[in-house]
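Visitor: For reference, the structure I am asking about is given below.
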Amino acid sequence: MSLLAKLFGRRLTGSGSGLRLPGFDASSWFAVFAPAKTPKAIVDKINKAVNEALAEPAVKQRYAEVGAEIRIMTPDQLGAFQKAEQEKWAKVVQVSGAKVD
Numbered sequence: 004m005s006l007l008a009k010l011f012g013r014r015l016t017g018s019g020s021g022l023r024l025p026g027f028d029a030s031s032w033f034a035v036f037a038p039a040k041t042p043k044a045i046v047d048k049i050n051k052a053v054n055e056a057l058a059e060p061a062v063k064q065r066y067a068e069v070g071a072e073i074r075i076m077t078p079d080q081l082g083a084f085q086k087a088e089q090e091k092w093a094k095v096v097q098v099s100g101a102k103v104d
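If you use my numbering, the sequence shown corresponds to residues 4 to 104, in order.
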């Protein structure tokens, strides 16, 4: 956790699983992607089907039971979210000195 404090110049609060770094989100996420150059009509059809499934009450309930948050996004919103995540974690990788084996 000292790396996080170093990166963001803040002290951690809490203890054990309740550690918090204000302004820092290290949650995991899942998304559905299609190959590059997939026609927009196909991407939109897949996006609509996935979003409809995620909006089903039983699906929402199951996700809530396991503590997962559903974020329904358009393909453009997902692209922007993915870009922001890559930029956020690039700094962590750079400061840590992590390398791919």
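Note that beta-carbon positions come from the ideal geometry of N, C-alpha and C, so glycine has one too.
What ranges does the alpha helix (DSSP H) occupy inside the stretch 51 to 90, keeping only unbroken runs of at least 4 residues that lie completely in it?
Guide: Segments of the alpha helix (DSSP H) lying fully in the stretch 51 to 90: 60 to 68.
Visitor: With DSSP as the reference, label W32 as helix, strand or coil.
Guide: If DSSP states are grouped into helix, strand and coil, W32 belongs with coil.
Visitor: Since I believe V35 is in contact with V62 (beta carbons under 8 Å), could you give me their beta-carbon distance rounded to a whole number of angstroms?
Guide: In fact, because the Cβ distance is near 14 Å, the residues do not count as touching under 8 Å.
Visitor: What's the gap between the Cα of I49 and the Cα of W92?
Guide: Each residue's Cα considered, the two are about 28 Å apart.
Visitor: Which residue wins for smallest C-alpha separation from I75, given the options A56, V69, K43 and E90?
Guide: Nearest of A56, V69, K43 and E90 to I75, Cα basis: A56.
Visitor: Which of the three DSSP states is assigned to E47 in this structure?
Guide: Reading off the sequence shown, one finds Asp at residue 47, where the question assumed Glu. D47: helix per DSSP, three-state reduction.
Visitor: Compute the Euclidean distance between the alpha carbons of P78 and A101, then round it to the nearest angstrom.
Guide: Their Cα atoms are separated by approximately 30 Å.
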